Every structure is written in C-alpha cells, then in structure tokens.
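**Q**
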Amino acid sequence: EALKYGQYKVSDGRLEEAINQIKAGKYCGQDTAGPIVRALEPYNDFYLVCRDFTDYMRAQDDVDAAYKDRAGWTKRCIRAVARMGKFSSDRTIKEYAEQIWNIEPTPFVPGSIAYKEPSIKQ
Numbered sequence: 005e006a007l008k009y010g011q012y013k014v015s016d017g018r019l020e021e022a023i024n025q026i027k028a029g030k031y032c033g034q035d036t037a038g039p040i041v042r043a044l045e046p047y048n049d050f051y052l053v054c055r056d057f058t059d060y061m062r063a064q065d066d067v068d069a070a071y072k073d074r075a076g077w078t079k080r081c082i083r084a085v086a087r088m089g090k091f092s093s094d095r096t097i098k099e100y101a102e103q104i105w106n107i108e109p110t111p112f113v114p115g116s117i118a119y120k121e122p123s124i125k126q
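In this text, residue positions in the sequence shown follow the working numbering: the first is 5, and each later residue adds one.
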C-alpha cells in the first residue's frame, strides 16, 4: 500500500548520487533533467524505478560477474540463441488474435492495398 502512494524511502547512496548528478546537469541540460528528476520523486515514480534500483544494481553485479567468465558467458549466449526460436512477432500476433482479441485472420491479397508514392515538396 505504501508503494502505491509513493510512501517509500530510498536508501541507496548510488541512486542518490546519480540523481544529484542529473540535477547538476552532468548528463544533460536542465530542460531535460528537470522532468527526469521529477519523475523519480515519491508520488511520481509510477514505474517504481527508485524502489527497484537496489535490486537492479544487484542483478547488474551478477551480470558483470557472469560476463567475466568468458567460457560460461559464451555457453549462456549460445544456449539463449538456441532457445529463442519460439519467439517471433508472427506467432505472438497470431496468439494475441486468437486468445486475447478473439479475431480471425484476414487473408492478404496482393494488389488489394493501394500504394501511393509519397510526395516530396521542393
């Protein structure tokens, strides 16, 4: 419930340092920094970036350690590529159409959609 209303306290010094650097204009101008910093304030942190920061950094540390093990990292990469065959946009759209949207596919007939060349103004 506290998370819902932005009533949580972030106690990670790394996050505080990062926010202070953004505020100070280290990475961008104030026109960009202002909205970023405001989005991270309590009650505005809709995506719970601040709340999850410490866990994110812990996971990043795990990734860094795994990457240092070149043989293990290579094995993980090969395994990930070998297992990604199921993930395709065509399959995903087909499953959404059937299971979520409850719609039937419409066959594509070549030439049925008019194509208009974009006009270029000079």
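Here a beta-carbon is modelled for each residue, glycine too, at the ideal position from N, C-alpha and C. Predicted model only: the values in this text are computed from it and were never measured.
Do the region 78–87 and the region 37–46 touch if we need at least three Cβ pairs shorter than 8 angstroms?
**A** no
**Q** Alpha carbon to alpha carbon, how far is Q25 from W105?
**A** The residue given as residue 25 occupies position 21 in the sequence shown. The residue given as residue 105 occupies position 101 in the sequence shown. So the two alpha carbons sit approximately 45 angstroms from each other.
**Q** Consult DSSP for T78 and reduce its assignment to one of helix, strand or coil.
**A** Here residue 78 refers to the residue found at position 74 when the sequence shown is read from its first residue. Helix, per DSSP.
**Q** Less than 8 angstroms between C-beta atoms, sequence neighbours within five positions excluded: which residues of the same chain meet that for G17?
**A** One-based indexing of the sequence shown puts residue 17 at position 13. Hits under 8 angstroms: none found.
**Q** Let me know the secondary structure DSSP gives A101 once reduced to three states.
**A** The residue labelled residue 101 in the question sits at position 97 within the sequence shown. The answer is helix: DSSP assigns A101 an H, G or I state.
**Q** Quick one: give me the first and last residue of the alpha helix (DSSP H) that C32 is part of.
**A** For the purposes of this step, residue 32 is taken as residue 28 along the sequence shown, with counting starting at 1. Unbroken run through C32: none, as it is neither H nor E.
**Q** If you check the beta carbons only, do F57 and L19 fall under 7 angstroms apart?
**A** Taking the sequence shown and counting its residues from 1, one reaches residue 57 at position 53. Taking the sequence shown and counting its residues from 1, one reaches residue 19 at position 15. Against a cut-off of 7 angstroms, the Cβ pair of L19 and F57 comes out as a contact.
**Q** I need the DSSP call for V85, collapsed to helix, strand or coil.
**A** Here the question's residue 85 lines up with position 81 in the sequence shown. V85 falls in the helix class under three-state DSSP.
**Q** Starting from T58, trace the alpha helix (DSSP H) both ways and give me its first and last residue.
**A** Mapped onto the sequence shown, residue 58 falls at position 54. Per DSSP, T58 belongs to the alpha helix (DSSP H) from V53 to K72.
**Q** If I'm right that G76 touches A70 with Cβ under 8 angstroms, what's the distance once you round it to whole angstroms?
**A** Numbered from its first residue, the sequence shown carries residue 76 at position 72. Numbered from its first residue, the sequence shown carries residue 70 at position 66. Right, their Cβ atoms sit about 6 angstroms apart.
**Q** Closest by CA to R42, which one among G29, I23 and A118?
**A** Indexing the sequence shown from 1 puts residue 42 at position 38. Considering only alpha carbons, the answer is I23.
**Q** Exposed or buried, C32, counting other C-beta atoms within 10 Å across all chains shown (16 or more means buried)?
**A** Against the sequence shown, residue 32 aligns to sequence position 28. It counts as exposed.
**Q** For P27, collect the residues of the same chain with a Cβ closer than 7 angstroms to its Cβ; drop the 5 residues on either side in sequence, then sort them by chain order.
**A** Working through the sequence shown from its first residue, we reach residue 27 at position 23. The sequence as given places Lys at residue 27; Pro does not occur at that position. Result list for K27: A37 and V41, in chain order.
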